[in-house]
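First up is the structure itself, then whatever we jot down about it.
In the working numbering, the protein residues as written are 29 to 437.
Written out as structure tokens, the structure is:
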């Protein structure tokens, strides 16, 4: 028989017991916030036969490999596989004894979020995973309004938000953390320290990060808010980019940053729309050969007619790409001051729009990229050569574009 306390572990007692309207959890990586939420929802649904759950992320296509997978894991972890039906088309989970449902929606199809109905019971719980992706508070307000109507005890209405706190200026901070918490809000911060299930190797990684990069450790280790003044890019927007928008763009811009291990090779596809840069595709891989890169790019629609601007540090690999058939692969022209100029150009754009579902690594890099610091902690206008592989690929892709804008910087 499964013992719930052993499965769940510690650090989340308040989260588990709270029944107010908003349950908001920010935390670093490996803090088990998503897994705990998944376990909690499965247990609660089995305890409350009239409850149904709606699970939302910014983009629908990200749900299968995140929330759906976590809830599947929770069902197996609790040993109740035989009681649940898990479907991928449409994406949903059904509790066999009662017919209760877990429904999945993305904000990229808002009408499907606002018009949800259930056959059994009421839709009283909402889980917004990676809530930081929701950049506009109005989108959250729409979701909030979808959990409405009367419920009878012991049922209760509740919205759960889980996320990593990359930017201090996000609306989540002001709405839920910069206020006195009453009976309607539980806002909590969790860290890897409350996760008794991670191994010593993972724990040492965080301890090493604390010494090597204390600013990043504060966010990914301790779940602290990212310092907006230390962030290089304040113009990043994470939102879906429709296929129709991509097809309407003037021309694709392709960039490639070479790596192998521990640094990856990173490919980026982007394009300009007015004074906005749209980043709509990426490929990031470790230990990739030149042919692996060629094969991956061809699989993403790149042809021999397309120009690919590559990091000029590996001319042999560029020659390989040409030999395989990508004959317009060429080295980026760097030159004195090119790093500073290209970064300033990126900062000057009205927006750097990133489809986070298609480009998770690029989104993570651009959102979290920080200026360097002196040993005394003071900020310096220097760009760190770390966790910037997609950023570099973007700079190369836009090599000729930003050069035209140098005079205005």
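Beta carbons are placed, not taken as given, at the ideal position from N, Cα and C, and that holds for glycine.
Look at the alpha carbon of residue i and the alpha carbon of residue j, and state the distance between them as a whole number of angstroms.
i, j, result
"residue 270", "residue 102", "33 Å"
"residue 295", "residue 280", "13 Å"
"residue 404", "residue 362", "Low per-residue confidence applies at residue 404: pLDDT is 46, beneath 50, and the placement is therefore not dependable enough to give any value."
"residue 390", "residue 71", "36 Å"
"residue 302", "residue 278", "10 Å"
"residue 273", "residue 297", "14 Å"
"residue 318", "residue 370", "26 Å"
"residue 355", "residue 421", "19 Å"
"residue 209", "residue 173", "21 Å"
"residue 170", "residue 394", "27 Å"
"residue 40", "residue 154", "18 Å"
"residue 183", "residue 143", "22 Å"
"residue 66", "residue 335", "45 Å"
"residue 417", "residue 261", "15 Å"
"residue 78", "residue 123", "11 Å"
"residue 99", "residue 223", "18 Å"
Short of 6 Å in beta carbon distance, which residues of its chain neighbour residue i, apart from the five on each side in sequence? Order them along the chain.
i, result
"residue 368", "none"
"residue 406", "Here the model assigns residue 406 a pLDDT of 49, short of 50, so the residue's position is not dependable and the matter cannot be decided."
"residue 80", "128, 129, 146, 149, 151"
"residue 69", "81"
Under a Cβ-count criterion, where at least 16 other Cβ atoms within 10 Å of its own Cβ denotes burial, should residue i be classed as buried or exposed?
i, result
"residue 113", "exposed"
"residue 306", "buried"
"residue 219", "buried"
"residue 51", "buried"
"residue 283", "buried"
"residue 129", "buried"
"residue 314", "exposed"
"residue 11", "In the structure as shown, the chain begins at 29 and stops at 437. Residue 11 is therefore absent and cannot be evaluated."
"residue 61", "buried"
"residue 309", "buried"
"residue 186", "buried"
"residue 42", "exposed"
"residue 206", "exposed"
"residue 110", "exposed"
"residue 73", "buried"
"residue 164", "exposed"
"residue 232", "exposed"
"residue 377", "buried"
"residue 106", "buried"
"residue 332", "exposed"
"residue 161", "buried"
"residue 285", "buried"
"residue 190", "buried"
"residue 180", "exposed"
What does residue i pair with, by DSSP beta-bridge criteria?
i, result
"residue 80", "151"
"residue 54", "191, 217"
"residue 128", "123"
"residue 293", "313"
"residue 181", "Residue 181 pairs with nothing; no bridge assigned."
"residue 300", "305"
"residue 115", "120"
"residue 282", "297, 336"
Can you list, in chain order, the residues of its chain with a C-beta nearer than 7 Å to that of residue i? Leave out the 5 residues immediately preceding and following it.
i, result
"residue 379", "263, 265, 304"
"residue 253", "193, 196, 201"
"residue 268", "87, 136, 383, 385"
"residue 359", "338, 340, 343, 346"
"residue 322", "349, 352, 354"
If you reduce the DSSP assignment to three classes, tell me which class residue i lands in.
i, result
"residue 484", "Not covered by the structure: residue 484. The range shown for the chain is 29 to 437."
"residue 222", "helix"
"residue 199", "helix"
"residue 208", "coil"
"residue 422", "helix"
"residue 267", "coil"
"residue 326", "helix"
"residue 48", "coil"
"residue 403", "With a pLDDT of 47 at residue 403, under the threshold of 50, the modelled position of this residue cannot be trusted; read the value that follows with caution. Coil, per DSSP."
"residue 357", "strand"
"residue 135", "helix"
"residue 71", "helix"
"residue 415", "coil"
"residue 171", "helix"
"residue 103", "helix"
"residue 232", "helix"
"residue 474", "In the structure as shown, the chain starts at 29 and stops at 437, and residue 474 therefore has no counterpart that could be examined."
Can you find a CB in chain B that lies within less than 8 Å of the CB of residue i?
i, result
"residue 184", "Reference to chain B is not applicable here, since this structure consists of a single protein chain."
Taking 7 Å as the cut-off, is the C-beta of residue i nearer than that to any heavy atom in the ligand GDP?
i, result
"residue 232", "Only the bare structure without any ligand can be found here, which leaves the ligand GDP out of the picture."
Whose C-beta lies closer than 8 Å to the C-beta of residue i among residues of the same chain, with five residues either side of it excluded?
i, result
"residue 249", "56, 57, 219, 220, 234, 237, 238"
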